[in-house]
Amino acid sequence: MTDTTRPDPARAAAPERLKLALYSSRPAPADLGIGQVHFPEEHVVGVAPGTSAKVLRERCEASMVRHGYDRSPTMRTRLEEELRVVSTLGWPTYFL
C-alpha cells in the first residue's frame with residue numbers, strides 16, 4: 000500500500016524536468032559562426048598584430064634549413080603553396 004500523505008519526490012521534480020526538456024529541445028541560435036575563423040588572436044600566440052603570416056613563414060623556413068629541406072626546389076615550392084593557402088584562409092595563428 001502506498002503512503003499518500005508524503006509527496007512523491009519523482010512527481011515533485013516533474014515540473015522541473017519538464018522545463019529542462021522543453022529548454023533543451025529549443026532550436027539552436029541561427030548564427031553559430033559557421034564559415035568564420037575562430038583561431039587564437041595574434042597576441043595570444045605571442046606575435047605582434049599583423050605579423051602572424053610573416054612569423055609562420057620565418058619559422059617554417061628555419062625548420063626547412065634545420066632539416067636540410069631548403070636545398071630542395073620541390074620542398075620550397077610545396078612550402079610556398081602551403082603558406083599561400085594558410086594565409087588565404089586566414090589561419091596562420093592556428094599553426095603558430
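Anchor point for the sequence shown: position 29 equals 28 in numbering that gives the first Met the number 0, and the numbering is continuous, going up by one each time.
In this text, a Cβ means the ideal position worked out from N, Cα and C, and glycines have one as well.
Everything numeric in this text was worked out from a predicted model, so none of it was measured.
Taking all protein chains shown into account, do 16 or more other C-beta atoms lie within 10 angstroms of the C-beta of residue i, making it buried, or fewer, making it exposed?
i	result
L19	exposed
S51	buried
T92	buried
V84	exposed
By Cβ distance below 6 Å, which residues in the same chain neighbour residue i in space, the five residues on each side in sequence not counted?
i	result
P48	E41
Y68	M74
On a Cα-Cα basis, can you pick out the residue from the options that is closest to residue i?
i	options	result
G89	Q35, P14 and R16	Q35
Tell me which same chain residues have a C-beta within less than 7 Å of the C-beta of residue i, skipping the five on either side of it?
i	result
L95	V44, V46, S51, V54 and L55
L78	C59 and M63
Between which residues of its own chain and residue i is the CB-CB distance below 8 Å, once the five residues before and five after are set aside?
i	result
L82	A52, L55, R56 and C59
*Output the residue ranges of the alpha helix (DSSP H) runs that lie fully inside the segment 46-85 and measure 4 residues or longer, sorted by chain position.*
51-66
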